[in-house]
Amino acid sequence: LQRHGAWLAGRAGVTGLVHGDPRDGAVAEAVAELSDATEAFLFGGLTAGGATPAQVSGRMAGGSLSGALFGAEVALATGLTQSCVPIGGNHLVTGAVEGVIMALDGRPALEVMRDDVGEEMANDLSRIAGTIHIARPIPGSDTHDYLVRGLQGIDPRHGWLAVGDSFDEGDRMLFVRRDAQAAETDMQRMLKGLARRIDGRAVAGGLYISCVARGPAMFGAEGRELDMIRDALGDFPLVGFSAGGEICHDRLYTYTGVLALFLK
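Using the numbering used here, the first residue of the sequence shown is number 1, and each one after it goes up by one.
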């Protein structure tokens, strides 16, 4: 950022395409700090796959973030779509140590989860794997926005839940269900919203970043997301990648899709 301080000075409406390294345990904090330091709306994602990721900015490096910043003269419209739908209510964390939630609303966390997921899953916890996750609601959001984090393990003896994030007592959370129909419905919502916002303006090109857990594994057909984009917005050049985490504004999401449209 030091090299670009003069370019950033006094600029408004900055956006940024950002790539991150999933091996960096502080990458979510880095995204928030970069957005704050540049006052930029960020979009992008984390590398996914077995190869060792590398960042390139004059030299090869690992960790942290890389990408490109755009001034307000580059017209962009972005949208985010979720793959998971909330179930049950919003709960207060009343017992937690780092990535282990022990109690919710003063009760064992597993007991609360059983109530929310319904009798079928409550009686067969093996059905929860890959379907039920934890979400952190975003305070003040008027779009019911939330950050999904994976449910990594269950301790039936103590009633504890291991999650892919660190929670503290006093935090709020909710359970969500990964759901193909809900994901398609939310994708259509995002696309309709983008179509209204661009209001007939021509799209020069687009970038679509989709969670690696979406795609055929969720929608059942190769290219279903791309078909929905074309049907809603027409034909235009589109590139993208499958991500191990998706970046939108100043946050790191999972199980989402982020679409950025470059407008003429």
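We treat Cβ as the ideally placed atom computed from N, Cα and C, and that holds for glycine.
Taking the Cβ atom as the reference point for each residue, do residue i and residue j lie within a distance shorter than 9 angstroms?
i	j	result
leucine 261	threonine 78	yes
leucine 161	alanine 122	no
aspartate 250	valine 74	no
proline 53	valine 176	no
arginine 172	valine 100	no
serine 242	glycine 49	yes
phenylalanine 167	glutamate 111	no
leucine 191	methionine 228	yes
Figure out for me which residue from the options has the closest Cα to the Cα of residue i.
i	options	result
histidine 19	Gly257, Tyr255, Ala40, Glu246	Glu246
leucine 147	Leu252, Ala9, Glu29	Leu252
arginine 197	Ala48, Ser83, Leu76	Leu76
glycine 88	His158, His133, Ala54, Leu65	His133
serine 210	Val112, Val239, Ala68, Gly200	Val239
threonine 15	Arg23, Leu34, Gly25	Leu34
alanine 232	Asp179, Met218, Gly223, Gln188	Gln188
glutamate 90	Arg59, Ala135, Ala96	It should be noted that the sequence gives asparagine, not glutamate, for residue 90. Nearest C-alpha to asparagine 90: Ala135.
threonine 256	Arg178, Val117, Leu69	Arg178
proline 156	Ser126, Ala195, Arg11	Ser126
leucine 8	Val56, Phe70, Gly58, Ala26	Phe70
aspartate 170	Gly106, Gly130, Gly220	Sequence check: residue 170 is glycine here, not aspartate. Of the candidates Gly106, Gly130, Gly220, the one whose C-alpha sits nearest the C-alpha of glycine 170 is Gly106.
alanine 204	Ala96, Pro139, Phe236, Leu104	Phe236
alanine 221	Leu259, Ala180, Gly244	Ala180
Could you compute how far the alpha carbon of residue i sits from the alpha carbon of residue j?
i	j	result
histidine 4	methionine 102	45 angstroms
alanine 213	threonine 254	9 angstroms
glycine 234	aspartate 36	34 angstroms
proline 216	alanine 183	12 angstroms
leucine 46	leucine 80	15 angstroms
arginine 230	glycine 150	31 angstroms
glutamate 29	methionine 113	28 angstroms
glutamate 6	leucine 174	It is worth fixing the name first, because residue 6 is alanine in this sequence and not glutamate. Going from the Cα of alanine 6 to the Cα of leucine 174 covers about 43 angstroms.
glycine 118	proline 137	21 angstroms
glycine 104	glutamate 120	Here residue 104 turns out to be leucine, not glycine, going by the sequence shown. So the alpha carbons of these two residues sit roughly 21 angstroms apart.
Is residue i near the ligand MN, in the sense that its beta carbon is under 8 angstroms from a heavy atom of that ligand?
i	result
valine 163	As for the ligand MN, it is missing from this structure, which has no ligand bound.
Buried or exposed for residue i, please, with buried defined as at least 16 other CB atoms from any protein chain shown within 10 angstroms of its CB.
i	result
glutamate 39	exposed
serine 83	buried
glycine 206	buried
glycine 153	exposed
glutamate 225	buried
threonine 185	exposed
aspartate 124	exposed
aspartate 199	exposed
proline 258	First, the amino acid is wrong: residue 258 is valine here, not proline. It is buried - the Cβ of valine 258 has at least 16 other Cβ atoms within 10 Å.
Roughly how far, in whole angstroms, is the beta-carbon of residue i from the beta-carbon of residue j, given that I think they are within contact range, below 8 angstroms?
i	j	result
leucine 17	alanine 68	5 angstroms
aspartate 116	serine 64	In fact, because the Cβ distance is near 37 angstroms, the residues do not count as touching under 8 angstroms.
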